[in-house]
Structures are given as structure tokens and as C-alpha cells.
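**Student:**
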Amino acid sequence: MNLEATPMSRPWRFRNLILIMIVTLTGTLALGFASPPSALAQIFSRPKVEPKQTPSRRETTQRRERKSSSRKEAAAKEPEPAPVRASFDNPVDYCAYYLDVDALDDAYVGEPTPEWIRTAMPPMSEAQQIFWRCGSGRIMACQGPMGSDSEGGRCAKASDPKLADARGYVGANWNDITGYEARFKTGDVAGQYLGERQSLAEGKDFSEDDYIVSLNITGGALNEIVGEVSYATPSEGGENGERVCTSRLRLVAVSDTAISLNQESESRRKDPCRASRQLILQAVGSSARLQSFEVRGSRRERKMEVWFY
Numbered sequence: 030m031n032l033e034a035t036p037m038s039r040p041w042r043f044r045n046l047i048l049i050m051i052v053t054l055t056g057t058l059a060l061g062f063a064s065p066p067s068a069l070a071q072i073f074s075r076p077k078v079e080p081k082q083t084p085s086r087r088e089t090t091q092r093r094e095r096k097s098s099s100r101k102e103a104a105a106k107e108p109e110p111a112p113v114r115a116s117f118d119n120p121v122d123y124c125a126y127y128l129d130v131d132a133l134d135d136a137y138v139g140e141p142t143p144e145w146i147r148t149a150m151p152p153m154s155e156a157q158q159i160f161w162r163c164g165s166g167r168i169m170a171c172q173g174p175m176g177s178d179s180e181g182g183r184c185a186k187a188s189d190p191k192l193a194d195a196r197g198y199v200g201a202n203w204n205d206i207t208g209y210e211a212r213f214k215t216g217d218v219a220g221q222y223l224g225e226r227q228s229l230a231e232g233k234d235f236s237e238d239d240y241i242v243s244l245n246i247t248g249g250a251l252n253e254i255v256g257e258v259s260y261a262t263p264s265e266g267g268e269n270g271e272r273v274c275t276s277r278l279r280l281v282a283v284s285d286t287a288i289s290l291n292q293e294s295e296s297r298r299k300d301p302c303r304a305s306r307q308l309i310l311q312a313v314g315s316s317a318r319l320q321s322f323e324v325r326g327s328r329r330e331r332k333m334e335v336w337f338y
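Under my numbering, the first residue of the sequence shown carries the number 30, and numbering increases by one thereafter.
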């Protein structure tokens with residue numbers, strides 16, 4: 030028997046296809062009524078994709094500020110090391126390096142007031158003290174009652190601009206004591222005696238042959254010529270008059286408090302520069318006290334006393 034499909038069998042196939050579709054649709058509808066609506070929606074819908082969140086401009090700015098703040102905090106936690114300052118334990122070296130210092134700082138690591146600074150100043154009572162500072166590389170010292178460095182004190186800055194020096198202090202109250210440091214010597218002559226000084230003594234207090242007007246100590250060893258002294262005739266009012274002569278000075282003795290000098294003059298005339306004079310020079314602060322003696326054999330007579338500045 031020939032089973033090959035005939036034209037009459039095609040409608041039957043079509044009917045079977047329609048029947049299958051009806052059964053499938055009926056089953057689907059029945060499943061829809063039996064299932065929750067959300068489950069059915071998930072079956073026939075695309076999965077929902079959440080849009081990417083883009084931060085607002087304000088949020089972005091805040092984040093940048095927080096990052097910047099964090100970087101600043103990190104930098105603050107690791108400060109750069111401060112530059113190392115040169116330190117000195119000797120006032121001379123300290124002032125020579127820093128030049129102008131009104132109040133000592135941590136760059137000075139020495140004794141607050143070294144003994145040689147005390148020696149350079151006039152004797153003082155227990156109620157007084159010494160203040161020192163650096164001025165143009167020099168050691169300037171002032172002596173006064175406790176607290177004299179406070180406002181209005183003699184060692185403080187001047188309240189009257191007319192009395193103030195370049196650093197604002199009363200210059201008359203401060204002494205330059207740089208040369209008093211023990212290292213500053215020329216031969217056997219300590220630094221406090223070196224240099225040229227002028228006399229402020231009034232001529233009316235001395236006779237013509239006793240009036241010394243200038244003293245210059247250049248330094249040297251014992252028994253050597255270490256300087257010279259000049260005399261002048263006093264004039265009315267105590268002013269220096271005509272200069273009489275200049276005598277050389279030979280160092281004959283040195284002690285902790287003074288030096289002894291002999292005058293030597295080429296002149297044979299009886300004048301202020303005769304060689305019989307012996308001078309005792311004592312440093313007191315930034316000034317110097319000079320006593321002149323006439324020597325006759327074993328006798329020594331004091332002829333004058335004068336201060337040099």
C-alpha cells in the first residue's frame with residue numbers, strides 16, 4: 030500500500046498544528062492564573078539594569094577637598110627639619126659670628142656670664158648684676174641693679190630716642206669689653222690694656238709737668254718697649270693745650286690686676302718726659318686708671334692719677 034501523502038492529508042496536518050497551539054496557549058493561561066503576577070512578568074520581560082550612579086559636582090568637590098586635606102595633614106605630620114644653627118661656648122666667637130644679638134639664644138651654649146666678663150667690669154655689690162649682648166660683633170656689657178634689663182632700666186633700650194645708639198640702647202651705660210678675653214694678648218700685655226686712650230682729666234688739677242693727655246699700648250714682652258705716652262700743657266677750662274713731648278714705655282712688671290711701665294725719653298731737659306717716671310696702669314671696665322710716680326733712689330712719690338677712656 031502506498032503511504033505517500035496525498036493532497037487530502039495536508040489539511041489534516043494543518044488542523045493538528047492548530048490543535049497543538051490551542052493546547053499550549055490554554056496551558057500557559059492556566060499557569061498564569063495559578064502563578065503570582067510578578068513571576069509571570071519576570072518570565073516575559075527583560076532583566077532591569079540599574080543605571081550607573083554619577084556623583085554630583087558638589088560631591089566631587091567635597092572628595093577633592095578631603096583628599097587635599099589628607100595630603101596637608103600627612104605633610105604636617107612630617108615637618109622638615111629646622112636648619113642647624115652654629116653654636117658657640119665663647120662670647121667672643123658668638124658675637125663675631127652673629128654680630129648683633131640683644132638677648133642670648135640657644136646658639137650660645139657657654140656660661141651665662143664668664144669670669145673674664147666679671148673681671149672686665151668694675152667691682153659690684155651682690156645686689157647688682159652684669160648684662161652682656163652683641164653689638165656689631167663686639168661684646169657690650171652693662172652693670173646695674175637686678176632687673177636693669179627691664180623696660181626703663183639703665184641696661185634696657187632707651188626710652189628717649191635722643192640717648193639711643195644704633196641698637197637703641199643708652200651707649201654711655203655699655204662698655205666694649207671684647208679685648209678683655211684672656212686669649213687676646215700681644216706678648217705679655219693682656220687685651221684690656223691694648224689700644225689708644227685719651228685722658229679726660231681737667232688740667233687745672235695738675236701741674237704743667239704732670240698732665241698726660243694720651244696713652245697708646247701696642248703690646249710686647251717683658252723688658253720691651255710696649256707703647257708710648259704723651260704730655261701737654263693744661264689750658265684754662267681743662268682743655269688740652271700745646272703738646273710738650275711723647276715718651277716711650279717699657280714693660281717692667283705684669284700682674285693679674287695691673288702692668289708697670291717705665292718712661293724712656295731721649296730728651297735730657299727737665300720736662301714731663303724725663304725717664305724717672307714709673308706708671309702703673311690698671312684696667313677697670315672699659316676705662317683705665319693710671320698712676321704716675323717719680324722715682325728717686327729707693328723713694329717713690331706719686332705725682333698724679335688720671336683716668337683714660
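For each residue, glycine too, the CB sits at the ideal point set by N, CA and C.
Cutting at 6 Å between CB atoms, please list the residues of its own chain near D178, excluding the five before and the five after it.
**Tutor:** Numbered from its first residue, the sequence shown carries residue 178 at position 149. Same-chain partners within the cutoff: F160, C184 and A185.
**Student:** Taking the beta carbon of R212 as the centre, do at least 16 other beta carbons fall within 10 Å, making it buried, or is it exposed?
**Tutor:** Here residue 212 is taken as the residue at index 183 of the sequence shown, counted from 1. Classification for R212: exposed.
**Student:** Taking contact to mean 3 or more Cβ pairs, one atom from each stretch, closer than 8 Å, check whether the segment 181-201 and the segment 143-157 are in contact.
**Tutor:** Touching, no.
**Student:** Looking at the structure shown, is N45 part of a helix, part of a strand, or coil, going by DSSP?
**Tutor:** For this step, residue 45 is matched to residue 16 along the sequence shown. N45 falls in the helix class under three-state DSSP.
**Student:** Check the Cβ-Cβ distances between Y123 and every residue of chain B, and say whether any is below 8 Å.
**Tutor:** Protein chain content of the structure displayed is limited to a single chain, and chain B is not contained in it.
**Student:** Which residues bound the alpha helix (DSSP H) around W145?
**Tutor:** Taking the first residue of the sequence shown as 1, we reach residue 145 at position 116. Unbroken alpha helix (DSSP H) run through W145: E144 to A149.
**Student:** Flag this pair as touching only if the segment 123-138 and the segment 158-173 have three or more C-beta atom pairs under 8 Å; answer yes or no.
**Tutor:** Yes: at least three Cβ pairs fall under 8 Å.
**Student:** List in chain order: all unbroken alpha helix (DSSP H) runs of 4+ residues lying wholly within the segment 114-185.
**Tutor:** DSSP runs (the alpha helix (DSSP H)) wholly in the segment 114-185: 120-127 and 144-149.
**Student:** Could you have a look at I309 and say whether DSSP puts it in helix, strand or coil?
**Tutor:** Walking along the sequence shown from the start, residue 309 turns up at place 280. Strand at I309.
**Student:** Please work out which residues of its chain come closer than 7 Å, Cβ to Cβ, to G166, disregarding the five sequence neighbours upstream and downstream, and give them in chain order.
**Tutor:** As a position in the sequence shown, residue 166 is number 137, starting the count at 1. Cβ neighbours of G166 beyond the five flanking positions: C124, A125 and L128.
**Student:** What is the residue span of the beta strand (DSSP E) that F213 lies within?
**Tutor:** The residue given as residue 213 occupies position 184 in the sequence shown. No beta strand (DSSP E) holds F213; DSSP gives it neither H nor E.
**Student:** Kindly list the residues whose CB is nearer than 7 Å to the CB of V335, restricted to its own chain and excluding five residues on each side of it in sequence; keep chain order.
**Tutor:** Taking the first residue of the sequence shown as position 1, residue 335 is located at position 306. Cβ within range, chain order: S228, A230, I241 and L319.
**Student:** Would you identify the three-state DSSP class for N252, choosing helix, strand or coil?
**Tutor:** Counted from its first residue, the sequence shown places residue 252 at position 223. Coil at N252, not helix or strand.
**Student:** Taking the continuous beta strand (DSSP E) assigned at S321, which residues delimit it?
**Tutor:** Sequence index remark: in the sequence shown, residue 321 carries index 292 (1-based). Element bounds for S321: S316 to R325.
**Student:** Whose CA, out of R226, Y137 and G182, lies closest to the CA of Q158?
**Tutor:** Translated into the one-based positions of the sequence shown, residue 158 becomes position 129. Among R226, Y137 and G182, the Cα nearest to that of Q158 belongs to G182.
**Student:** Going by beta carbon distance, what residues of the same chain come within less than 8 Å of N202, once the five residues before and after it are set aside?
**Tutor:** Along the sequence shown, read from residue 1 onward, the residue named residue 202 stands at position 173. The residues are C171, G173, R183 and C184.
**Student:** For G326, collect the residues of the same chain with a Cβ closer than 6 Å to its Cβ; drop the 5 residues on either side in sequence, then sort them by chain order.
**Tutor:** In the sequence shown, residue 326 corresponds to position 297, counting from 1. Excluding positions up to five away in sequence, the list is empty.
**Student:** Might you give, ordered along the chain, the residues of its own chain that have their beta carbon closer than 8 Å to the beta carbon of M150, omitting 5 neighbours on each side?
**Tutor:** Indexing the sequence shown from 1 puts residue 150 at position 121. Result list for M150: I159, A170, Q172, N204, I206 and G314, in chain order.
**Student:** Should I309 and R279 be called a contact, given that it needs their Cβ atoms to be closer than 8 Å?
**Tutor:** Reading the sequence shown from its first residue, position 280 is the one you call residue 309. Reading the sequence shown from its first residue, position 250 is the one you call residue 279. No, Cβ-Cβ distance for I309 and R279 is not below 8 Å.
**Student:** Can you give the Cα-Cα distance for D285 and E210, rounded to whole angstroms?
**Tutor:** Mapped onto the sequence shown, residue 285 falls at position 256. Mapped onto the sequence shown, residue 210 falls at position 181. Their backbone Cα atoms lie some 13 Å apart in a straight line.
**Student:** Kindly list the residues whose CB is nearer than 6 Å to the CB of G256, restricted to its own chain and excluding five residues on each side of it in sequence; keep chain order.
**Tutor:** Here residue 256 refers to the residue found at position 227 when the sequence shown is read from its first residue. So the list reads N245, I246, T247 and L278, once near-sequence residues are dropped.
**Student:** Once DSSP output is grouped into helix, strand and coil, what is the label at T247?
**Tutor:** For the purposes of this step, residue 247 is taken as the residue at position 218 of the sequence shown. If DSSP states are grouped into helix, strand and coil, T247 belongs with coil.
**Student:** What distance in whole Å lies between the Cβ atoms of M333 and S321, which are believed to be in contact at a cut-off of 8 Å?
**Tutor:** Position 292 of the sequence shown holds residue 321. Position 304 of the sequence shown holds residue 333. With a Cβ gap of about 5 Å, S321 and M333 count as contacting.
**Student:** Locate the beta strand (DSSP E) running through V335, then write down its first and last residues.
**Tutor:** Along the sequence shown, read from residue 1 onward, the residue named residue 335 stands at position 306. That run of the beta strand (DSSP E) goes R328 to F337.
**Student:** On the premise that Q221 lies in contact with G200, defined as a C-beta separation below 8 Å, what is that separation, rounded to the nearest angstrom?
**Tutor:** The residue labelled residue 200 in the question sits at position 171 within the sequence shown. The residue labelled residue 221 in the question sits at position 192 within the sequence shown. At roughly 20 Å, the Cβ-Cβ gap does not stay under 8 Å, so G200 and Q221 are not in contact.
**Student:** Is I206 helix, strand or coil when you go by DSSP?
**Tutor:** Along the sequence shown, read from residue 1 onward, the residue named residue 206 stands at position 177. Note: I206 maps to coil in three-state DSSP.
**Student:** State the Cα-Cα distance for the pair T148 and E109, rounded to the nearest angstrom.
**Tutor:** What you label residue 148 is simply residue 119 of the sequence shown in a count that begins at 1. What you label residue 109 is simply residue 80 of the sequence shown in a count that begins at 1. The alpha-carbon atoms of T148 and E109 are separated by roughly 44 Å.
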